[in-house]
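Structure, as structure tokens:
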Amino acid sequence: MWKTNGHKFAIDSLSSSMRRGRLSHAYLLNGPEGIGKKTLALDIACFVNCTDSAENRPCGSCSQCERILVGNHTDIFIYDPESSEGNSDLVTIDQLRNDFLKQIHRKPFEGRCRVFIIAALEKMRSEQANILLKTLEEPPADVIIILLTEQIDDLLDTIISRCQVFALRPLTTSEVTKYVDSYGSDLETNFSTADRKEICRLARGRIGWASRVIDDPQILNNRRVLLDKYESAIFGELSDRFDLSKDVVKGFGKNKKKAVECLDLWLTWWRDALLVKSGLKDDILNVSRIDRFERVASLIEFQDLISIIKSLRMTFIYLEKNMNTGLLFDNLMLRIPFMR
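Heads up: the sequence shown at position 212 corresponds to 211 in numbering that gives the first Met the number 0, and the numbers run straight through without jumps.
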């Protein structure tokens with residue numbers, strides 16, 4: 000049984016080709032964070048090593064599937080900076096040279112295939128990418144390489160062309176709601192009905208994000224605290240805005256990912272304000288803050304809202320170019336009209 004939620008096209012295509020014995024030596028799964036790329040990659044690993052009949056693969060209950068799903072299979076290798084220690088946000092050159100290149104040429108030990116899952120591919124530097132490309136050009140037998148990326152446009156064309164590509168799209172809100180409701184009584188203990196509705200909206204089609212919030216309710220609480228501080232600043236004086244800018248920049252330091260997460264949080268806020276201004280309040284994500292958005296809609300012109308959102312989007316680009324973070328965030332505060 001596939002553990003992946005949604006993504007029917009990818010599952011049907013993979014099932015059909017695998018049951019006919021038409022395995023690709025490399026798959027590329029593209030989609031936003033939390034969309035289910037790693038879950039699908041593990042499903043593929045289970046499928047090719049499952050001991051059940053072809054029609055029932057992956058069964059999820061044989062010894063091969065169970066060991067893969069608990070992360071205790073000697074033929075499955077995962078290179079994921081998110082699950083490793085330290086602050087690195089990419090797979091290092093040492094990991095590829097000292098582990099990947101050695102392991103990939105060995106025969107399977109307990110399963111039919113060795114599976115190598117490499118995440119955050121878009122963050123690889125040229126040296127890492129070239130090592131990977133050479134392996135893709137001359138793939139060993141009994142090996143499947145599964146590459147995960149959030150930005151396929153940032154990858155080398157030569158890497159993309161050597162993989163079977165699957166683009167994973169956000170699930171519908173109803174699909175996410177069905178998944179969230181499956182948690183049952185544990186969900187009702189930690190979250191109100193309003194909370195559950197907001198989680199399903201905020202997930203934006205990402206099952207992984209919803210799952211993390213349900214497992215750790217503090218994520219939702221922290222998010223609300225950050226937005227409370229943001230609202231206090233933007234509805235306050237200029238000094239309040241600069242104080243917030245200074246605090247958030249100091250808080251994430253040189254961690255670019257945290258800066259991006261902060262910008263994304265603010266962007267969802269202004270997106271919702273724009274939707275309310277446009278008469279589309281039923282489509283907002285931050286449903287518990289409808290009163291704030293109605294206030295903003297009455298105080299700020301439509302074009303000003305568009306301008307703020309454009310500034311936020313440009314800041315994502317400037318961050319990638321390593322521009323001064325403090326200046327970027329101060330500039331964002333200046334872009335917001337005063338609301339009296």
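Built from N, CA and C at the ideal position, the CB exists for glycine as well. Being a predicted model, the structure only gives us computed values, none of them experimental.
Nearest to residue i (by Cα), restricted to the options the options
| i | options | result |
| --- | --- | --- |
| R203 | S231, I130, G250, D282 | D282 |
| P80 | L100, C112, F46, E121 | E121 |
| K101 | P139, N71, V69, R334 | P139 |
| G325 | L225, V248, V295 | V248 |
| H72 | N48, Q94, N55, E54 | N48 |
| S12 | N221, L167, R111 | L167 |
Supposed contact pair residue j and residue i - C-beta distance, whole angstroms, cut 8 Å
| i | j | result |
| --- | --- | --- |
| I67 | A44 | 5 Å |
| F328 | S191 | With a Cβ gap of about 33 Å, F328 and S191 do not count as contacting. |
| F165 | Y26 | 7 Å |
| I103 | I145 | At roughly 13 Å, the Cβ-Cβ gap does not stay under 8 Å, so I103 and I145 are not in contact. |
| K255 | L154 | The Cβ separation is near 19 Å, so there is no contact. |
CA-to-CA distance, residue j to residue i, given in whole angstroms
| i | j | result |
| --- | --- | --- |
| G183 | R195 | 12 Å |
| T157 | S23 | 16 Å |
| R334 | S306 | 8 Å |
| V275 | A296 | 7 Å |
| R21 | I316 | 40 Å |
| R240 | R113 | 53 Å |
| T314 | N321 | 10 Å |
| K7 | K106 | 32 Å |
| L331 | L131 | 39 Å |
| W269 | I159 | 35 Å |
| E230 | P216 | 22 Å |
Residue interval of the beta strand (DSSP E) (run including residue i)
| i | result |
| --- | --- |
| Q163 | 163–166 |
| L27 | 25–29 |
| R113 | 113–117 |
| L284 | Note, L284: premise wrong, no beta strand (DSSP E); not H, not E. |
Cβ-Cβ distance between residue i and residue j below 8 Å
| i | j | result |
| --- | --- | --- |
| F292 | D263 | no |
| L279 | L304 | no |
| M338 | I299 | yes |
| V286 | E149 | no |
| D42 | P57 | yes |
| M17 | G59 | no |
| G35 | I206 | yes |
| T172 | R200 | yes |
| N4 | L147 | no |
For residue i, the first and last residue of its enclosing alpha helix (DSSP H)
| i | result |
| --- | --- |
| N129 | 125–136 |
| V212 | 206–214 |
| Y182 | Unbroken run through Y182: none, as it is neither H nor E. |
| V259 | 255–276 |
Test: residue i CB closer than 8 Å to a CB of chain C
| i | result |
| --- | --- |
| G278 | No chain C is part of this structure, which consists of one protein chain only. |
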